[in-house]
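As structure tokens, the structure follows; a few thoughts come after it.
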């Protein structure tokens, strides 16, 4: 599948429009793209000739007439979407409409060298291809999300705090010998933001996806596109100061939201409540598991443990204070919350909301929705697939 | 000058490109816009026919050959740029290349009713037209900046804290009977951001313009355009909390940056230092002027008064802490500082810089420049003119 770079601007805009719409009626496209009918028809003919889109036969259009549908096929191609998280790797082969054709998830650690992990990734891709009875050549593009900062142009990891051995590593190069297709790499929250944009069918243009897990990060969708900032560092919100008298963070500053409300801080606060005698239930869980996880604190909270509840409410309020600042500045339509900590109990999201509505300006919260990410299980792989497609064409 | 709405997308893109470039060689445009030469030439012919652009004769092109230059003329039209600030109104008639043809600035108060002020604005526009020997019909569009939140679609003021009598007032309607042209209204910081974008010739795409005066506000340029957010409230950063143990703000929350570092807070801190005996110099200025202004505190600071210096450094550090958050989130290339407080002394900007570099992530500040706005005296009227042009076409 060569030739993406040879697409004309008109063909590229048309291909994008058909991609986002999943299925497009020929007659709708001219209006949506503000092209003449003859120009659209010429571009459609070219894209069909190149095998990038196909006609899917007559279907009822909104006006009651029958119109020819179009969808992206990439000559019966597949897109590989890879979501590498701190503890798991989720790998999927997707059709160009982001349907999952084959998928595999397995536990990993990103603390070690990246090379063995990418050898395994190659094997899993081959395995998934075999499940579908397909060859490597069927994959048209690969999108990869990683839990650390990425230099987007070079696709290399840039001083990733969770995975120091990945410094300067290029996932693109690691796969290039086996997969001679466009490969793009981005950080996990940008991938989640793209997956959410897909799941919303672009019905929202300006929103944030905030992940609260071992760290805290934010993906920014601005005017329907991922916004990465001038150095690719936009959305790196974990070290925003929410309390100048707060605890010291590993970054050297004080009061970073990550030091106060991410998973390690919640686990630490839980252990302190257990050891101080404040929470017998947390002590029980600590003794049973050897160490406390945020999930343990969430469990105790849902069982009604007051200390656990206070910890979760405090963490939610802290994240909410950081978000109130972002809401005042960015005035998004939605803030989607995800990540391991987001699911430990309803009190967490409730406290975030309370804190944001208390601290943000009335005008900025008039239409603001704060809610869990729509498809948490699929947003990563789908977002990786969307990244692969958008950047390749 | 009717017919902006009848421009085709191609003509609109071409007109925009020629506008931003000030002068464009015909031969450069096809490449920059990715249009075919024949398409460009047809659009140029149409725009010349409509009187929107004109040929300015052969000029040396970069390749040594001679090319026809193009520039926007709007049929020898003028653009009115109006910058209404809390204490002054600055009014200019601009040519389409944003040269100031005539200009008038006078003191006003926005605390009163807006109608008399707009009657005066009409008179000033007529006066400036007479200076140029022109009629009202020569004005093609009007852009207006106001020191309060604007509902951009309706061009009405929305709960403006400085000017309660303007609630729901429409500057557009107030001028429509006398000037039958497109009129657009935006808040002062968005206007300053547009003026700065013009002065930078779009050499930066993602930057912030922060005004520190009676209040604190921020204009956001994202991908070369003003970003207003979903409710037009983006950049309303004055009530970002920088200290949960800080003073109570008039908005009801605590620790808002505006309550700690805007002009009234600096004046208050100066008066306290004067009355406590901490600063004899500030007491002298207080007695001489009846009340202390931020400029008085700046004067004392430049004379070496330690208390005044500490006040200014503290305010700069507070603004810097707020900006560190925005820099982590948005990763801009520049933060431009302006407004009355910005010019009270070099210590203010120095403290902002120190605070941002200490608190922001290394990756986000790698290429970050924090500096005064490039053309403070003209950014408002030029930005208002740019707004008028961009929104009208």
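Residue numbers (the numbering used here), protein chains in the order written: chain A, 1 to 393; chain B, 1001 to 1393. Ideal Cβ positions, reconstructed from N, Cα and C, are used throughout, including at glycine.
Report yes if the C-beta of residue 149 of chain A is less than 6 angstroms from at least one heavy atom of the ligand FAD; otherwise report no.
Questions concerning the ligand FAD fall outside what the structure shown contains, since it holds no ligand whatsoever.
Bridge partners - residue 1054 of chain B, DSSP secondary structure assignment
Residue 1054 of chain B is bridged to B/1071.
Is it true that the CB of residue 169 of chain A sits closer than 7 angstroms to the CB of residue 114 of chain A?
yes
Which residue comes first and which comes last in the beta strand (DSSP E) that contains residue 31 of chain A?
Taken as a continuous stretch (DSSP letters only), residue 31 of chain A belongs to no beta strand (DSSP E), being part of the alpha helix (DSSP H) at 26-33.
Report, in whole angstroms, the separation of the C-beta atoms of residue 373 of chain A and residue 209 of chain A, which I expect to be a contact under 8 angstroms.
That pair is a contact at about 6 angstroms.
Could you check whether the Cβ of residue 1237 of chain B sits closer than 7 angstroms to any Cβ belonging to chain A?
yes
Would the beta-carbon of residue 1150 of chain B fall within 7 angstroms of that of residue 1185 of chain B?
yes
Would you kindly work out how many angstroms separate the C-alpha atoms of residue 1031 of chain B and residue 55 of chain A, rounded to a whole number?
33 angstroms
Kindly identify the DSSP beta-bridge partner or partners of residue 1334 of chain B.
DSSP lists B/1207, B/1369 as partners of residue 1334 of chain B.
What in chain A is Cβ-close to residue 1231 of chain B, meaning under 8 angstroms?
331, 363, 364, 366, 367
Does the contact criterion of 3 or more C-beta pairs under 8 angstroms hold for the segment 1238-1245 of chain B versus the segment 1362-1372 of chain B?
no
Thinking residue 395 of chain A and residue 51 of chain A are a contact (beta carbons under 8 angstroms), I'd like their distance in whole angstroms, please.
This structure cannot speak to residue 395 of chain A, because chain A is shown only from 1 to 393.
Alpha carbon of residue 206 of chain A to alpha carbon of residue 222 of chain A, nearest angstrom:
For the pair residue 206 of chain A and residue 222 of chain A, the Cα-to-Cα distance works out to about 5 angstroms.
Could you give the C-beta distance for residue 15 of chain A and residue 72 of chain A, rounded to a whole number, given that I count them as a contact under 8 angstroms?
7 angstroms
Reduced DSSP secondary structure (H/G/I, E/B, other) of residue 143 of chain A
strand
Does DSSP classify residue 1226 of chain B as helix, strand or coil?
Under the three-state reduction of DSSP output, residue 1226 of chain B falls in the strand class.
Are the CB atoms of residue 316 of chain A and residue 336 of chain A within a distance shorter than 7 angstroms?
no
Residue 1233 of chain B and residue 125 of chain A closer than 7 angstroms at C-beta
no
Bridge partners of residue 89 of chain A, per DSSP?
A/84, A/106
Can you tell me which of A/97, A/89, A/131 puts its alpha carbon nearest to the alpha carbon of residue 119 of chain A?
Here the closest residue by C-alpha is A/89.
Can you look up residue 237 of chain A in the DSSP assignment and give me helix, strand or coil?
coil
CA-CA distance, residue 121 of chain A and residue 262 of chain A?
29 angstroms
How about residue 256 of chain A: is its C-beta nearer than 7 angstroms to some C-beta of chain B?
With a threshold of 7 angstroms between beta carbons, residue 256 of chain A makes no contact with chain B.
Considering only DSSP beta bridges, list what residue 1150 of chain B is partnered with.
B/1157
Please report the distance separating the alpha-carbon of residue 1152 of chain B from that of residue 1034 of chain B.
31 angstroms
According to DSSP, is residue 162 of chain A part of a helix, a strand, or is it coil?
coil
Give every residue of the same chain whose Cβ lies closer than 6 angstroms to the Cβ of residue 28 of chain A, excluding the five residues on either side of it in the sequence, and list them in chain order.
For residue 28 of chain A, where only same-chain residues beyond five positions count, there are no Cβ hits under 6 angstroms.
How big is the Cα-Cα spacing for residue 1135 of chain B and residue 1236 of chain B?
39 angstroms
Residues in the same chain with beta-carbon distance under 6 angstroms from residue 273 of chain A, minus the five sequence neighbours each way, listed in chain order, please.
279, 282, 307
Spatial neighbours of residue 1026 of chain B within its chain, please: C-beta separation below 7 angstroms, excluding the five flanking residues on both sides.
Result list for residue 1026 of chain B: 1044, 1067, 1068, 1070, in chain order.
Taking the alpha carbon of residue 1093 of chain B as the point to measure from, which residue in B/1130, B/1005, B/1039 has its own alpha carbon closest?
B/1130
Rounded to whole angstroms, what is the Cα-Cα separation between residue 386 of chain A and residue 123 of chain A?
22 angstroms
Rounding to the nearest angstrom, what Cα-Cα distance links residue 1270 of chain B and residue 1276 of chain B in this structure?
10 angstroms
Helix, strand or coil at residue 190 of chain A [DSSP, three-state]
helix
Do we get a CB-CB distance below 7 angstroms when we pair residue 1315 of chain B with the residues of chain A?
Residue 1315 of chain B does not count as touching chain A.
Below 8 angstroms on the Cβ atoms is my guess for residue 389 of chain A versus residue 9 of chain A; work out the distance and round it to an integer in Å.
No, residue 389 of chain A and residue 9 of chain A are not in contact; Cβ-Cβ is about 17 angstroms, not under 8 angstroms.
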